[in-house]
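Reviewing the structure listed below.
There are 2 protein chains.
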Amino acid sequence: MKDKYIQLSHGGGGEEMNQLIKGMFFSAFDNEVLRQEEDAAVLSLSNQTAFTTDSFTVSPLIFNGGDIGKLAVAGTVNDLAMMGAQPLYLSCSFILEEGLAIETLGTIVESMAKELQVSGALVVCGDTKVVPRGCADGIFINTAGLGQLRRPGISAHQIREGDAIIVSRDIGCHGATVLMNREGLELSSDLQSDCATLWPVVEALIAAGIDIHAMRDATRGGLSAVVNEWARTAGIGITLDEKAIPVRDEVRGLCELYGMEPFDLANEGTFVLALPAEQAEVALAVMRHFSCCPEAAVIGCVDQRQIGRVLLTTPWGSLRYLDAPQGELLPRIC
Amino acid sequence: MKDKYIQLSHGGGGEEMNQLIKGMFFSAFDNEVLRQEEDAAVLSLSNQTAFTTDSFTVSPLIFNGGDIGKLAVAGTVNDLAMMGAQPLYLSCSFILEEGLAIETLGTIVESMAKELQVSGALVVCGDTKVVPRGCADGIFINTAGLGQLRRPGISAHQIREGDAIIVSRDIGCHGATVLMNREGLELSSDLQSDCATLWPVVEALIAAGIDIHAMRDATRGGLSAVVNEWARTAGIGITLDEKAIPVRDEVRGLCELYGMEPFDLANEGTFVLALPAEQAEVALAVMRHFSCCPEAAVIGCVDQRQIGRVLLTTPWGSLRYLDAPQGELLPRIC
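From first to last, the protein sequence lines are chains G and E. Residues 1 to 334 (full-length UniProt numbering) make up the first sequence, in order. Residues 1 to 334 (full-length UniProt numbering) make up the second sequence, in order.
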């Protein structure tokens with residue numbers, strides 16, 4: 001690339017855009033389908049294909065443990081994985097602000113290419129738009145994903161009374177990290193985003209024959225949003241044990257400082273699982289083989305105490321409602 | 001919706017976002033798949049599925065003959081149609097700026113729902129992000145699309161010497177209209193964007209047995225970008241007859257005023273076709289049944305005069321190169 005900064009001409013449909021696409025995107029994402037350069041990628045898919053999309057607007061673009069590129073791949077791949085689908089193909093669409101450093105874009109694209117390797121998914125089509133300075137903030141990325149269902153029927157509607165609720169690791173790291181990086185806080189810690197591709201651990205759970213009822217990554221709205229949506233959709237009650245929910249001291253400290261609850265903080269590589277209680281120990285054993293699930297734990301169970309609501313047993317033995325978050329804690333978290 | 005303007009909480013993953021999605025998006029795009037509300041839509045697809053994506057950042061959001069919503073549906077549907085694929089499923093991802101009028105969003109979403117009816121495609125998954133005031137410009141929309149190939153093998157690589165080149169209508173209306181609306185020009189004309197869903201006319205061409213070699217909608221970079229890409233990709237020459245290329249007087253006038261060429265202006269419902277010359281008349285007869293192809297015309301042919309280049313016979317009989325556009329004529333045209 002002869003230019004150092006993105007110019008409007010990089011989105012103009014002419015030679016400059018061609019150079020950006022061929023020089024940077026095609027070389028990072030290279031594969032047979034992309035090389036066809038048609039208006040659309042032609043794929044072989046089955047009658048059990050999962051399809052999802054996400055746009056990413058995180059600020060700052062680069063944070064402890066990840067960047068917007070890693071997030072854009074892991075986020076969409078995880079939405080497929082949560083349906084029990086093996087991620088196969090991604091589209092990738094960039095909205096770039098005039099003046100973005102091409103070096104920054106290169107770092108982000110390389111990060112995407114690296115994260116794709118974790119699941120083996122391929123970027124097979126894309127789009128690039130450039131908007132004038134001030135009309136966007138650096139870079140926004142949209143990815144849509146296609147995956148092949150390996151374990152059909154995973155759904156909140158499958159949750160049953162008596163199911164155990166598992167969380168895959170300590171919660172709130174992504175939200176806390178972005179907050180810390182944004183506010184320029186220097187904590188004497190190695191706190192970093194949990195941003196990770198979850199397909200390998202999901203694949204292992206399926207291979208181990210775990211009867212996954214429901215599975216969801218706890219992104220915006222955090223753990224509270226997932227369990228409240230489940231309680232409402234499945235028409236059941238959920239009771240969680242606060243002591244059992246892993247939270248790092250740094251995350252807890254930031255929450256106290258900003259008046260937030262770790263349950264509401266966004267995660268980007270943390271998922272919640274509902275499954276028959278008798279399979280919980282086997283599932284935990286499978287999950288703990290993966291570096292993205294260091295503290296997988298049973299955190300509660302499905303019951304009929306309060307239909308459509310989530311109860312939290314506090315460390316003092318009292319009960320309170322854990323509601324879905326309201327308002328906006330942290331804009332541009334993902 | 002109780003709010004009049006988009007707030008950060010509409011993207012927060014909590015109750016407010018839920019209300020926006022259920023209250024506006026689900027009611028406009030309602031279908032069986034969407035109603036499942038899972039992390040990903042589960043679809044039945046074939047082994048000849050086309051997959052494409054586009055982000056839309058057009059300014060102004062509403063222009064003569066369309067708006068960003070119509071564009072976001074027609075644009076992605078057309079990318080599928082140009083591959084000979086019947087558009088089936090779309091994802092839809094919104095990036096909204098805090099403060100956007102909910103009424104404006106409603107107008108755009110209704111426009112999307114209406115345009116979907118032309119091809120019968122369904123929105124089956126989506127995403128909503130809200131960024132703080134000043135971090136985006138009103139609304140950006142990404143759509144990714146899936147279609148079933150009805151006529152495989154359409155590709156620039158199929159273009160042969162002797163092929164006729166057809167354009168589906170007069171060129172440059174979208175670019176000229178957006179320019180006119182943006183500059184606040186009041187022309188004494190009904191000039192409007194050509195923005196349209198092209199699947200019905202493509203379906204008719206396939207049904208008529210037309211041996212379509214290549215087909216592409218002349219969006220960013222206009223007619224010049226398409227024919228230059230074809231000449232390069234197919235390793236052939238193309239000679240166009242300037243007199244045969246339909247251009248409206250209003251578009252020609254605006255081009256003279258701004259020092260542009262109509263060949264370089266973006267279109268959003270105009271396509272270029274390469275096919276055996278002996279089928280050109282039949283194809284034109286089919287196309288003229290559709291209101292989106294009022295002036296379909298043969299504008300040139302494929303030859304070996306200048307391999308990889310496009311020649312233009314001027315009205316005075318002289319020859320000049322028609323090059324791919326360089327730089328950026330009109331940012332945020334689509």
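C-beta atoms are modelled at their ideal positions from N, C-alpha and C, and glycine is treated no differently.
Does the beta-carbon distance from residue i to residue j come in below 8 Å?
i      : j      : result
E:G14  : G:A324 : yes
G:L71  : G:F56  : yes
G:L312 : G:E242 : yes
E:D79  : E:G145 : yes
E:T49  : G:L45  : yes
E:I141 : E:I68  : yes
G:D163 : G:A244 : no
G:T143 : G:F94  : no
E:V130 : E:E98  : yes
G:V310 : G:I238 : yes
G:I166 : G:A296 : yes
E:N47  : E:V124 : no
Report the rounded CA-to-CA distance for residue i versus residue j, giving the unit in angstroms.
i                      : j      : result
E:N64                  : E:I171 : 16 Å
G:L34                  : G:Y89  : 11 Å
E:E278                 : E:H213 : 13 Å
G:D303                 : G:A204 : 28 Å
G:F26                  : E:T76  : 21 Å
G:K4                   : E:G23  : 44 Å
residue 403 of chain E : G:L257 : Nothing can be reported for residue 403 of chain E, as the shown portion of chain E is limited to 1 through 334.
E:P132                 : G:R216 : 27 Å
G:E183                 : G:P152 : 43 Å
E:D190                 : E:L100 : 29 Å
E:R252                 : G:H157 : 59 Å
G:W199                 : G:D211 : 16 Å
E:T270                 : G:I154 : 43 Å
Does the beta carbon of residue i come closer than 8 Å to any beta carbon on chain E?
i      : result
G:D39  : yes
G:V44  : Looking at the sequence itself, residue 44 of chain G is Ser, so the reference to Val does not match. Chain E, which has a Cβ nearer than 8 Å to the Cβ of G:S44, makes this yes.
G:F51  : yes
G:L273 : no
G:R248 : no
G:G12  : yes
G:D194 : no
G:M260 : no
G:N31  : no
G:F308 : The sequence shown places Gly at residue 308 of chain G, not Phe. Not an interface residue.
G:D67  : no
For residue i, name the three-state secondary structure that DSSP assigns.
i      : result
G:T177 : helix
G:E32  : coil
G:K70  : helix
G:F25  : helix
E:R216 : strand
E:L80  : helix
E:N228 : helix
G:S291 : coil
G:I166 : strand
G:C334 : coil
G:D127 : strand
E:I108 : helix
G:A301 : For clarity, residue 301 of chain G is Cys in the given sequence; the question names Ala instead. Three-state result, G:C301: strand.
E:L262 : It should be pointed out that residue 262 of chain E corresponds to Pro in this sequence rather than to Leu. Helix at E:P262.
E:T197 : coil
E:C92  : strand
G:L284 : helix
E:I206 : helix
G:S44  : coil
G:A274 : strand
E:D211 : coil
G:S9   : helix
G:L240 : strand
Taking CB distances under 8 Å as the criterion, tell me whether residue i reaches chain G.
i      : result
E:M112 : no
E:N47  : yes
E:I95  : yes
E:D211 : no
E:T239 : no
E:S168 : no
E:P325 : yes
List the DSSP bridge partners of residue i.
i      : result
E:Q86  : E:Q148
G:S318 : DSSP output for G:S318 lists no bridge partner at all.
G:I119 : A quick correction: the sequence has Ser, not Ile, at residue 119 of chain G. Its beta-bridge partners do not exist; DSSP assigns none.
Check whether the Cβ of residue i sits closer than 7 Å to any heavy atom of the ligand FAD, and report yes or no.
i      : result
E:R216 : In terms of ligand content, the structure shown is empty, and the ligand FAD therefore cannot be addressed.
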